[in-house]
Amino acid sequence: MATITARKLNKYYVDKKTKTATAVLYDVDFEFPHAKTTVVLGPSGCGKTTLIKTIAGLLPVDDGKLYFNKKDVTDLSANERNVALVTQEYALYPHLTVFDNVAYPLKIAKVPAEELRRRVNETLEALNIGLLSSRKIRQLSGGQRQRAALARALVKEPEVLLLDEPLSNLDKETRTKLSFELKTLFKKTGATVVYVTHNDEEARFLADVVAKMDNGTVTLVADAADYYRNVY
Amino acid sequence: MPHNRFQVFADVCVNRFSLILGLGLIVLLFALPLIATVIMRNVKVSEAETFADAEEKAVLIYSYINTAGLVAIPCAAVLGTGLSGVFGVIRKLVWQDGVLFKHDFFTSVKENGLHFALYSAFAALIYYLVQLTLRGTYFSIDAGADAAVVASVVAAALYIPTIPFSFVQSTVYELGFFKKFVNSFLLAMRTFYLTLPVTALCLSAVLLLFIKNTAVFIISMLFIFIVAAPLCSLVFTLYCDGVLDKFINKDHFPQIVDKGIYRNGDDNGTKTE
Chain A
2 MATITARKLN KYYVDKKTKT ATAVLYDVDF EFPHAKTTVV LGPSGCGKTT
52 LIKTIAGLLP VDDGKLYFNK KDVTDLSANE RNVALVTQEY ALYPHLTVFD
102 NVAYPLKIAK VPAEELRRRV NETLEALNIG LLSSRKIRQL SGGQRQRAAL
152 ARALVKEPEV LLLDEPLSNL DKETRTKLSF ELKTLFKKTG ATVVYVTHND
202 EEARFLADVV AKMDNGTVTL VADAADYYRN VY
Chain B
593 MPHNRFQVFA DVCVNRFSLI LGLGLIVLLF ALPLIATVIM RNVKVSEAET
643 FADAEEKAVL IYSYINTAGL VAIPCAAVLG TGLSGVFGVI RKLVWQDGVL
693 FKHDFFTSVK ENGLHFALYS AFAALIYYLV QLTLRGTYFS IDAGADAAVV
743 ASVVAAALYI PTIPFSFVQS TVYELGFFKK FVNSFLLAMR TFYLTLPVTA
793 LCLSAVLLLF IKNTAVFIIS MLFIFIVAAP LCSLVFTLYC DGVLDKFINK
843 DHFPQIVDKG IYRNGDDNGT KTE
């Protein structure tokens, strides 16, 4: 688990035709506490996904610093950070089985076969998809695919778990069910979770900490109980 | 989700056929010495058939077939070693476990390779003895030739049905060679009425090799090792699992009864989304 600290993070997109730079993240400062779930709220286009990708190491920052537990990870690639990302598109390999998808990051890391098998099976059981281990991804429902995507993220035992609207493609009943399971899972893994969602109910239910974003900057980081007491 | 063993078979064929073909290629690799022996035998026999002198032709053909039969014994051991890995992977498939192909294959070879090699070599030996006694009768070499034929055929009929049980048990239990053989024999005899036809059905593809046409022979070889062999291994595993569940597992290892099969109520959460 890791405290995520950002100091004056800036990220620009440069229009190649007009040569003008637009700040997507502007002087972003925050500290997301370790082993807590921080829900990031904000209107569409305010930079939530860009922030998540920056923390993941998928987008380089143009200015500023990012720390995991005081360790400067600003210039580290995604592979070098102990981070896992789950998005709403799942990003699973459809031609592989659930087991193969979840095992993939461990295979890349050359984890020994017996340990790999143990960790994958334990993770699948934790997400209640142990029985689906040998199913191909294309045979699964949306909720099952999202569980598989979560399993693939969690099997790495990441310090930081990033979720970018992971439940937005699912129906209400499945969302509710998965939300409950996610809350339990987050507590169990002890990872530092950064969770982006538009769904108020989901945010209230999952958040230990709320971070508000607007126009590319983090305007507020507060304890969730305090935040919702003041809002409502 | 498969709810019975037939559905497991269909599920593997539909969803994991590329893995089956991969296993088949490995079987072909391990079968190369045996294939080479058979081809050499056929070539030599064809050459001998051009001899004018009938007695010399008969003696030559007899010696080529005998020699090939003896050489086939260690070749069968090599094939058996490869099959040990194949059965190991198929065990994972049938039990719906995740497959780590290279690891599971080589682990199974390491754990079961010797057993499979010995069992296969013994099968080849019995086949050789059957052939020898049949040819002995033909050439009237020995007055007891008929008795020898009967004995060898009976030995084959009793030994062959034990092969699937022996192979499948190796991937489930940790037992010594002799214990496995005894178990296999007892199980085969108890289920003889079903085991013999299942085994015969699986081995029937071999009949294609008796078609006297080079192109058909080559295609049959490829089909037998690349497609039929792994599929038969799958059939054997599923069939034997049912027998093992009935006679052994339900009392001694209940945790593996029907493993890989989803009876009603086992879906638990997987059907609700």
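Quick mapping for you: the protein sequence lines, in order, are chains A and B.
If you use the numbering used here, the first sequence corresponds to residues 2 to 233, in order.
If you use the numbering used here, the second sequence corresponds to residues 593 to 865, in order.
Heads up, the beta-carbon is just placed ideally off N, CA and C, and yes, glycines get one too.
Listed by chain order, chain A residues near residue i by CB distance under 9 Å
i, result
"Asn-607 of chain B", "Thr-98, Ser-135, Arg-136, Lys-137 and Gln-140"
Three-way DSSP call (helix, strand, coil) for residue i in this model
i, result
"Ala-713 of chain B", "helix"
"Arg-139 of chain A", "helix"
"Val-222 of chain A", "strand"
"Glu-865 of chain B", "Note that Glu-865 of chain B scores 43 on pLDDT, short of 50, meaning its location in the model is unreliable and no value can be drawn from it."
"Ile-752 of chain B", "coil"
"Asp-833 of chain B", "helix"
"Ala-780 of chain B", "helix"
"Ile-803 of chain B", "coil"
"Tyr-765 of chain B", "coil"
"Leu-814 of chain B", "helix"
"Arg-633 of chain B", "helix"
"Thr-4 of chain A", "coil"
"Ala-92 of chain A", "coil"
"Val-849 of chain B", "coil"
"Asp-28 of chain A", "strand"
"Thr-185 of chain A", "helix"
"Asp-209 of chain A", "coil"
"Ala-644 of chain B", "coil"
"Thr-23 of chain A", "strand"
"Asn-11 of chain A", "strand"
"Ala-664 of chain B", "helix"
"Gly-705 of chain B", "helix"
"Tyr-854 of chain B", "coil"
Residue i: contacting residues in chain B (beta-carbon distance under 7 Å)
i, result
"Ala-114 of chain A", "Leu-692 and His-695"
"Arg-118 of chain A", "Gly-690 and Leu-692"
"Ala-127 of chain A", "Correct list: empty, because the minimum Cβ distance to chain B is about 12 Å."
"Val-121 of chain A", "Gly-690"
Contacting residues, own chain, Cβ-Cβ under 7 Å from residue i (five flanking each side not counted)
i, result
"Phe-170 of chain A", "Looking at the sequence provided, one finds Asn at residue 170 of chain A rather than Phe. Within the same chain, Asn-170 of chain A has close Cβ partners Gln-89 and Gly-143."
"Gly-616 of chain B", "Phe-817, Ile-818, Val-819, Ala-821 and Pro-822"
"Leu-183 of chain A", "Leu-207"
"Ser-776 of chain B", "Thr-754, Phe-757, Ser-758 and Gln-761"
"His-595 of chain B", "Ile-853, Tyr-854 and Arg-855"
Pair within 7 Å by beta-carbon distance, residue i and residue j
i, j, result
"Val-29 of chain A", "Val-219 of chain A", "yes"
"Ser-45 of chain A", "Gly-58 of chain A", "no"
"Asn-70 of chain A", "Pro-159 of chain A", "no"
"Ala-713 of chain B", "Ala-669 of chain B", "yes"
"Gly-674 of chain B", "Ile-618 of chain B", "yes"
"Thr-19 of chain A", "Val-194 of chain A", "no"
"Thr-75 of chain A", "Leu-86 of chain A", "no"
"Val-600 of chain B", "Gly-852 of chain B", "yes"
"Leu-692 of chain B", "Ala-114 of chain A", "yes"
"Lys-213 of chain A", "Leu-42 of chain A", "yes"
"Val-827 of chain B", "Asp-837 of chain B", "no"
"Asn-11 of chain A", "Gly-65 of chain A", "yes"
"Gly-217 of chain A", "Ala-24 of chain A", "yes"
"Arg-148 of chain A", "Leu-128 of chain A", "yes"
"Ala-747 of chain B", "Ile-718 of chain B", "yes"
Chain B contact residues for residue i, given Cβ-Cβ distances below 8 Å
i, result
"Ala-104 of chain A", "Gly-690 and Leu-692"
Within-7 Å CB hit, residue i to chain C
i, result
"Leu-611 of chain B", "The chain labelled as chain C is not found among the protein chains of the depicted structure, namely A and B."
6 Å Cβ shell around residue i - same chain, five flanking residues per side excluded
i, result
"Asp-165 of chain A", "Thr-50, Ile-53, Thr-88 and Val-197"
Own chain, CB closer than 8 Å to residue i, minus 5 neighbours either side, in chain order
i, result
"Ile-657 of chain B", "Arg-633, Val-637, Gln-723 and Arg-727"
"Val-663 of chain B", "Thr-629"
"Lys-649 of chain B", "Ala-640, Glu-641 and Phe-643"
CB contact check: residue i to chain A, cutoff 7 Å
i, result
"Gln-599 of chain B", "no"
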